[in-house]
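**Q** Take this structure, written in structure tokens, and hold onto it; I'll ask about it next.
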Amino acid sequence: MKKPPLQDVIVRSHEGRRSVRPSTQFVNDEPRSFRSPEPPIERERDYEQNIEPQTHFRSQETTSSPRRSEYSVHKTNKRWLYIALGIGVVVVLSSIALSLLFAGATVTVFPKQDTIVVNATFTAEKDPKNGALPIEQIVLERTATRAVAALGEESVEERAFGNITIYNEYSDTPQRLIKNTRFQSSGNLIYRIRESVEIPGKNTDGSPGSIEVKVFAEEPGDSYNIGPDTFTIPGFAGLPQEEKVYAKSSADLSGGFVGVRRSVNETERTETLKQLETQLRDELLAAAFTNSDNPEGYHLFKESIFFEFNALPDVTADTDQVTLSLSGKLHGILFPEDEFAKRVAQVTLSTYNDSPLRIDNLEDFTVSVSPEVSEPAEILQEEEVGIGEAVESVETGTADQPWLASTFKVSVQGKAHFIWEFDEKSLAEYFAGKDKDILQMPLQGGMLEGYPGIDRLEVSIRPFWKGSFPESAEDILIITELDD
Numbered sequence: 017m018k019k020p021p022l023q024d025v026i027v028r029s030h031e032g033r034r035s036v037r038p039s040t041q042f043v044n045d046e047p048r049s050f051r052s053p054e055p056p057i058e059r060e061r062d063y064e065q066n067i068e069p070q071t072h073f074r075s076q077e078t079t080s081s082p083r084r085s086e087y088s089v090h091k092t093n094k095r096w097l098y099i100a101l102g103i104g105v106v107v108v109l110s111s112i113a114l115s116l117l118f119a120g121a122t123v124t125v126f127p128k129q130d131t132i133v134v135n136a137t138f139t140a141e142k143d144p145k146n147g148a149l150p151i152e153q154i155v156l157e158r159t160a161t162r163a164v165a166a167l168g169e170e171s172v173e174e175r176a177f178g179n180i181t182i183y184n185e186y187s188d189t190p191q192r193l194i195k196n197t198r199f200q201s202s203g204n205l206i207y208r209i210r211e212s213v214e215i216p217g218k219n220t221d222g223s224p225g226s227i228e229v230k231v232f233a234e235e236p237g238d239s240y241n242i243g244p245d246t247f248t249i250p251g252f253a254g255l256p257q258e259e260k261v262y263a264k265s266s267a268d269l270s271g272g273f274v275g276v277r278r279s280v281n282e283t284e285r286t287e288t289l290k291q292l293e294t295q296l297r298d299e300l301l302a303a304a305f306t307n308s309d310n311p312e313g314y315h316l317f318k319e320s321i322f323f324e325f326n327a328l329p330d331v332t333a334d335t336d337q338v339t340l341s342l343s344g345k346l347h348g349i350l351f352p353e354d355e356f357a358k359r360v361a362q363v364t365l366s367t368y369n370d371s372p373l374r375i376d377n378l379e380d381f382t383v384s385v386s387p388e389v390s391e392p393a394e395i396l397q398e399e400e401v402g403i404g405e406a407v408e409s410v411e412t413g414t415a416d417q418p419w420l421a422s423t424f425k426v427s428v429q430g431k432a433h434f435i436w437e438f439d440e441k442s443l444a445e446y447f448a449g450k451d452k453d454i455l456q457m458p459l460q461g462g463m464l465e466g467y468p469g470i471d472r473l474e475v476s477i478r479p480f481w482k483g484s485f486p487e488s489a490e491d492i493l494i495i496t497e498l499d500d
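According to my numbering, the residues represented by the sequence shown are 17 to 500, in order.
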């Protein structure tokens with residue numbers, strides 16, 4: 017028997033069951049609460065009450081904001097204006113202070129110049145008279161040696177030799193000693209000079225003039241080999257010069273020998289001595305042009321240099337070699353640059369008025385210096401002339417030894433670049449304290465009547481508004497520039 021369809025379904029009440037609901041549900045991948053809490057009405061009212069005053073306060077703040085911003089910008093701009101004005105004042109005051117601190121004047125001088133072809137001849141003298149050009153002399157000495165092979169033996173007689181210094185306490189003027197003048201040692205040994213010499217006069221401070229020379233023993237042999245000693249000049253015996261002109265040696269006199277020694281091939285000797293002479297010439301020339309003892313303001317031309325060379329005795333050691341030696345001397349004639357330029361200008365420039373000037377290119381000149389022949393020289397005593405030697409005169413002496421002459425003929429050729437000179441200190445003193453309106457006057461015949469060597473000027477005075485030169489000449493800088 018069929019049962020009714022719904023009779024087996026029992027409907028039960030849901031009371032007493034807890035419904036389980038999901039806490040969240042994802043919609044579009046975002047969590048969402050199934051249930052939105054509903055705040056109590058009282059809390060919403062309190063919240064609204066708290067919000068209203070805040071909203072009112074913000075409204076007031078928003079309303080007053082534009083006026084505050086405008087005041088702030090105005091205040092900032094004013095502050096920057098004060099800062100800018102302050103900086104400007106500091107800069108101006110600093111500039112004024114620096115201008116006063118470094119106040120002064122600069123005067124740039126452009127001296128007169130001239131270039132002209134020169135072909136002049138004039139006279140120069142050691143002791144200038146009648147307007148002759150004064151000169152100075154330098155003497156440099158070197159010795160060169162070289163060992164060569166000994167090829168045999170020979171009997172020899174060698175004289176001792178060495179250097180002595182001759183002193184002149186007698187006179188302010190030079191004292192001349194001729195070739196073969198004798199010098200006597202404290203042991204009564206006689207030595208002679210082989211070349212004439214001129215002893216300088218006493219110096220301005222009263223100290224004796226002096227010159228170093230080489231002497232040779234009168235006789236060969238080792239008995240003339242001596243140590244440092246003092247020498248007199250027999251030719252001055254009984255004369256005022258006897259105790260005032262004398263000599264001293266600071267090293268040994270050596271080389272005296274009589275006997276057999278090793279010998280050298282003559283051809284090799286000649287060639288070796290020739291090489292030593294070339295070596296000495298180069299060394300002496302280099303020394304002459306770099307010599308710190310050269311008098312300041314003097315010029316040395318290559319053409320005013322003379323050489324002398326002397327072979328020294330051979331030295332033989334206990335070997336198979338012989339040492340050859342050669343001594344060389346350089347005699348230089350130096351000319352004062354300012355006087356030399358004046359002398360050339362006098363014979364070259366028709367309008368020259370003896371104002372100071374210089375020649376800027378002396379090294380470009382070709383110069384010839386030759387001794388002038390004069391009267392025979394005075395002889396100390398006839399006994400001073402060596403055995404078999406003729407009495408010496410200036411004519412015979414200066415032919416082989418031109419540096420011994422007292423007067424020289426000087427010839428000059430070339431293109432001279434003359435530059436006029438002026439006294440910088442005097443010029444600064446001239447401008448000191450003067451109004452700058454003086455610059456409106458003409459240079460020659462006006463503002464700079466006493467400065468004929470100035471061609472034009474450029475002047476700068478600091479600070480620029482000052483109307484006169486500084487009172488002190490030390491604040492005026494003088495600069496010399498040459499026009500191209």
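Positions of the beta carbon are idealized from the N, C-alpha and C atoms, including for glycine. In this text, all values refer to a predicted model and were calculated from it rather than measured experimentally.
1. Which stretch, first to last residue, makes up the alpha helix (DSSP H) that contains ARG359?
2. Where does the unbroken beta strand (DSSP E) through TYR262 begin, and where does it stop?
3. Quick one: what's got a C-beta closer than 7 angstroms to GLY243's C-beta in the same chain, skipping five residues either side?
4. Distance, Cα to Cα, ARG374 vs ASP130?
5. Can you have a look at ASP330 and say buried or exposed, based on whether 16 or more other CB atoms are within 10 angstroms of its CB?
6. The beta strand (DSSP E) spanning ASP268 covers which residue range?
7. Kindly provide the ranges of any beta strand (DSSP E) runs that are 3 or more residues long and lie completely inside the segment 195–245, ordered along the chain.
8. On a CA-only basis, which of LEU167, THR288, ARG277, PHE322 is nearest GLY348? Give me that one, please.
9. Quick one: residues in its chain with C-beta nearer than 8 angstroms to the C-beta of ARG285, no 5 flanking neighbours on either side, listed in chain order?
10. Nearest to SER488 by alpha carbon, out of PHE356, SER442, ALA100, ILE151?
11. Residues bridged to ASP451 by DSSP?
12. What's the call for ARG95, buried or exposed, on a 16-neighbour Cβ count within 10 Å?
13. For MET457, which residues in the same chain have their Cβ closer than 7 angstroms to its Cβ, ignoring the five residues on either side in sequence?
14. Return helix, strand or coil for SER442, following the three-state DSSP convention.
15. For the beta strand (DSSP E) containing ALA303, list its first residue and its last residue.
16. Give me, in chain order, the residues of the same chain whose beta-carbon lies closer than 6 angstroms to that of GLU440; leave out the 5 immediate sequence neighbours on both sides.
17. Per DSSP, LEU156 is paired with what?
18. Using only CA atoms, which one of ILE470, GLU282, PHE356, SER239 lies nearest to PHE273?
19. Between ILE403 and ARG208, what straight-line distance do the alpha-carbon atoms span, to the nearest angstrom?
20. Out of LYS358, LYS264, ALA421, PRO372, point me to the one whose CA is closest to VAL385's CA.
21. Is GLY225 buried or exposed, if buried means 16 or more other CB atoms sit within 10 Å of its CB?
**A** Once the coordinates are examined:
1. Position 343 of the sequence shown, counting from 1, holds the residue named residue 359. Note, ARG359: alpha helix (DSSP H), 353–362.
2. Here the question's residue 262 lines up with position 246 in the sequence shown. TYR262 -> beta strand (DSSP E) spans 261–264.
3. By 1-based counting over the sequence shown, the position of residue 243 is 227. Here the set comprises ASP268.
4. Locating residue 374 in the sequence shown gives position 358, counting from the first residue. Locating residue 130 in the sequence shown gives position 114, counting from the first residue. Each residue's Cα considered, the two are about 11 angstroms apart.
5. Counting from 1 along the sequence shown, the entry for residue 330 is found at position 314. By the 10 Å Cβ count, ASP330 comes out buried.
6. For the purposes of this step, residue 268 is identified with residue 252 of the sequence shown, where counting begins at 1. From DSSP, ASP268 is part of no beta strand (DSSP E); its letter is neither H nor E.
7. 198–200, 206–209, 213–215, 225–236
8. In the sequence shown, the residue the question calls residue 348 occupies position 332. That would be PHE322, whose Cα lies nearest to the Cα of GLY348.
9. The count along the sequence shown starts at 1 and reaches residue 285 at position 269. Here the set comprises VAL164, LEU340.
10. As a first step, residue 488 must be located in the sequence shown, where it is residue number 472. The option with the nearest alpha carbon to SER488 is SER442.
11. Stepping through the sequence shown from its first residue, residue 451 is reached at position 435. Paired residues: SER484.
12. For the purposes of this step, residue 95 is taken as residue 79 along the sequence shown, with counting starting at 1. By the 10 Å Cβ count, ARG95 comes out exposed.
13. Against the sequence shown, residue 457 aligns to sequence position 441. Excluding positions up to five away in sequence, the list reads MET463.
14. One-based indexing of the sequence shown puts residue 442 at position 426. SER442: helix per DSSP, three-state reduction.
15. Here the question's residue 303 lines up with position 287 in the sequence shown. No beta strand (DSSP E) contains ALA303, which is instead part of the alpha helix (DSSP H) from 282–305.
16. By one-based count along the sequence shown, residue 440 stands at place 424. So the list reads ILE494, once near-sequence residues are dropped.
17. Taking the first residue of the sequence shown as position 1, residue 156 is located at position 140. The partner list for LEU156 (beta bridge, DSSP) reads LEU346.
18. For the purposes of this step, residue 273 is taken as the residue at position 257 of the sequence shown. Closest option to PHE273, Cα to Cα, is SER239.
19. Walking along the sequence shown from the start, residue 403 turns up at place 387. Walking along the sequence shown from the start, residue 208 turns up at place 192. With a pLDDT of 31 at ILE403, under the threshold of 50, the modelled position of that residue is not reliable, and the figure given next carries that caveat. ILE403 and ARG208: Cα-Cα distance of roughly 12 angstroms.
20. By 1-based counting over the sequence shown, the position of residue 385 is 369. Closest by alpha carbon: ALA421.
21. Here the question's residue 225 lines up with position 209 in the sequence shown. Label assigned to GLY225: buried.
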